[in-house]
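Asks: The sequence shown begins at 6 in my numbering and counts up one residue at a time.
We put the beta carbon where it would ideally sit given N, CA and C, even for glycine.
These numbers were taken from a predicted model, which means no experiment stands behind them.
One structure, as structure tokens, below. Some questions next.
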Amino acid sequence: MFGPLSIRMILGLISIICTIILIFKDFINYIRNLIKNPMVFSLMLFGIYFLVSAVYGYYVGNRIDVLATDLKGFAWVFIVPVGVVLVDEEKKVLMLMKTLILGSILHSIMLIIFNIALVFFKSDVSILMNFVRNKQIGFIDIVAGDLYRFAFGSVLFSVASIMFMVYFQMYRSKINYVIILATAICLFSLLISYTRSVYGAAFLSLLIFAVGYLIYFSKQRKKLFLFGALSLIVMVLLVFCFQTSPVNNYLLFGLKRTFPNISFDALQSVSNTIYTGASTVDVGVEVFDAITSISDALRNNTKFELSEMIKQNPILGNGLGASIASRPSGLVEYTYHDLLNKIGIVGVFLYLFPVLYMIVNLFLKIGISNGSWIIKFSWFCGLSTFLFASYYTPYMNNALGLCFYGLTIASFTCLDKKEYSVKSHSLL
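What follows is the structure, encoded as structure tokens:
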């Protein structure tokens, strides 16, 4: 952040300006095409409904600061028409995928550099932690000793980039080891996030993705398995390299963080045999178990209060700015509960209708051999990561989720307009 603005906001404003020029170039046809698009039309109705909910929230006396935050977050719905206008050719969809891959790799490398700086060079932790927090880049927490947690919301883009890298790999005759290394780097950045919702969302979406690819590329299953196995091996080697010096159990802590009620004593014993002093992570696990317990209690209370609020007006919601007592800041993790509280079933249906449309679209066009189906499926699986993670963490009501939502809609719209011809499948 730079005052009230961020780089993301500045880029967003630039994209709006560029898009307005394109819209007015052929305004009538553009509006007609948007209205014909069920996904865009649904979000247009949602935008109107959302503004009405804002007026209602103001009228009934809901919190103005929370109301303003709601408006600010969903203002990124504008990315939908922007994406539909700009992503108008198949080659642009592929370019967008490659751009996202590059951005995710750079993001993952940045997190690894942060980790190296803190672990190996003993950099001043407070300086870096305060910097990333104040600039709203993410959060860095000390787990134990030299073990750190990098909670950056944009790490979810890494999951989608892994899927896109697999897509480009499947159209190559030989395994590309640069893509293998890039995939491993993205997996490592996921590991050191130590965020349960990210782990769960990544696992579910990658599982759906793997099943779809095994069916679609039935004759290339060996290549798919080989790519996955090599990526995991390189990722484990990266973990091994990081564990040898600071002697911290990256994988073990990831397991304990995800399954706090399960004992991993046997794995801990093996790890202690390999790495002298590795038990230092136990202190961190105990601290984080306590933090997790407090967090879970607050989450359960939050869910209960939101459920009670939803019962008051389940159809239309209680208006933007509606808040609960257990969250003085007005911000809650449960995206869908929060939306049901504020805009009700009607608003949530309008907002998520494009997701239902994508599912139906994929089912109706499954088996089409022109190549567009597998690209749309890849985008949908990337979006599902944000959808799954949003149950516990707010992604689909802010810029991160909305940007990917909008670009997925744009990709579906583009690929449905014209027959796709297999071109530009080379990532490197």
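Tell me whether A165 sits in a helix, a strand or coil according to DSSP, three-state version.
Replies: Reading the sequence shown from its first residue, position 160 is the one you call residue 165. Looking at A165 - three-state DSSP - the assignment turns out to be helix.
Asks: What is the rounded straight-line gap between the Cα of N323 and the Cα of L48?
Replies: Start at 1 with the first residue of the sequence shown, and residue 323 comes out as number 318. Start at 1 with the first residue of the sequence shown, and residue 48 comes out as number 43. The straight-line gap from Cα to Cα measures roughly 20 Å.
Asks: DSSP three-state label for A327, please.
Replies: Residue 327 sits at position 322 when you count from the first residue of the sequence shown. Residue state, collapsed to three classes: coil.
Asks: Taking one C-beta from the region 75-95 and one from the region 401-421 each time, how about it: are there three or more such pairs within less than 8 Å?
Replies: Yes: the two stretches touch, three or more of their Cβ pairs being nearer than 8 Å.
Asks: Comparing C-alpha positions only, which one of N120, V137 and F169 sits nearest to I379?
Replies: Against the sequence shown, residue 379 aligns to sequence position 374. The shortest C-alpha separation from I379 is found at F169.
Asks: Can you look up V321 in the DSSP assignment and give me helix, strand or coil?
Replies: In the sequence shown, counting from the first residue as 1, residue 321 sits at position 316. Per the sequence shown, residue 321 should be read as Leu rather than Val. DSSP places L321 in coil when its eight states are reduced to three.
Asks: With which residues is Y218 paired in a DSSP beta bridge?
Replies: The residue labelled residue 218 in the question sits at position 213 within the sequence shown. Y218 pairs with nothing; no bridge assigned.
Asks: I want to know whether the region 386-398 touches the region 201-219 - three or more CB-CB distances under 8 Å.
Replies: Enough Cβ pairs lie closer than 8 Å, so yes.
Asks: Considering only residues of the same chain and omitting the five flanking positions on each side of G52, which have a CB-CB separation below 7 Å?
Replies: If you number the sequence shown from 1, residue 52 lands on position 47. The answer, listed in chain order, is V82.
Asks: Is Q174 near F232, with beta carbons less than 8 Å apart?
Replies: What you label residue 174 is simply residue 169 of the sequence shown in a count that begins at 1. What you label residue 232 is simply residue 227 of the sequence shown in a count that begins at 1. Yes, the pair counts as a contact, with Cβ atoms nearer than the cut-off.
Asks: Around the Cβ of Y199, are there at least 16 other Cβ atoms within 10 angstroms (buried) or fewer (exposed)?
Replies: The residue you call residue 199 lines up with position 194 of the sequence shown. Buried, because 16 or more other Cβ atoms sit within 10 Å of the Cβ of Y199.
Asks: Quick one: what's got a C-beta closer than 6 Å to N402's C-beta in the same chain, skipping five residues either side?
Replies: Here residue 402 is taken as the residue at index 397 of the sequence shown, counted from 1. Closer than 6 Å at Cβ, skipping near neighbours: G78 and T340.
Asks: So, G88 versus Y400, is the Cβ gap smaller than 8 Å?
Replies: Walking along the sequence shown from the start, residue 88 turns up at place 83. Walking along the sequence shown from the start, residue 400 turns up at place 395. Result no, Cβ atoms of G88 and Y400 do not sit closer than 8 Å.
Asks: Should T238 be labelled buried (16 or more other beta-carbon atoms within 10 Å of its own) or exposed?
Replies: Position 233 of the sequence shown, counted from the first residue, corresponds to residue 238. In the sequence on display, residue 238 carries Ile and not Thr. I238 comes out exposed.
Asks: For R13, does the three-state DSSP call read helix, strand or coil?
Replies: Along the sequence shown, one-based indexing puts residue 13 at 8. Three-state DSSP puts R13 in a helix.
Asks: Under the rule that 16 or more other beta-carbon atoms within 10 Å means buried, what is T278, buried or exposed?
Replies: As a first step, residue 278 must be located in the sequence shown, where it is residue number 273. Bear in mind that the predicted position of T278 carries a pLDDT of just 45, short of 50, making it unreliable; the figure below should be weighed with that in mind. Exposed, because fewer than 16 other Cβ atoms sit within 10 Å of the Cβ of T278.
Asks: Beta-carbon separation of V85 and V45 under 8 Å?
Replies: Taking the sequence shown and counting its residues from 1, one reaches residue 85 at position 80. Taking the sequence shown and counting its residues from 1, one reaches residue 45 at position 40. Yes, these two residues count as a Cβ contact at 8 Å.
Asks: Applying the criterion that 16 or more other CB atoms from any shown protein chain within 10 Å of the CB defines a buried residue, is N120 buried or exposed?
Replies: Stepping through the sequence shown from its first residue, residue 120 is reached at position 115. Burial call: buried.
Asks: When we look at the beta-carbon of A189 and count the other beta-carbons within 10 Å, is it buried (16 or more) or exposed?
Replies: As a first step, residue 189 is located in the sequence shown; it is residue number 184 there, counting from the start. Buried, because 16 or more other Cβ atoms sit within 10 Å of the Cβ of A189.
Asks: Out of R138, I114, R226 and Y182, which one is the CA nearest neighbour of F193?
Replies: Counting from one through the sequence shown, the residue named residue 193 turns up at place 188. Checked all of R138, I114, R226 and Y182; the closest Cα to F193 is I114.
Asks: Can you check whether the CB of V203 is closer than 8 Å to the CB of L243?
Replies: Within the sequence shown, numbered from 1, the residue matching residue 243 stands at position 238. Within the sequence shown, numbered from 1, the residue matching residue 203 stands at position 198. No; because the gap between Cβ atoms is not below 8 Å, this pair is not in contact.
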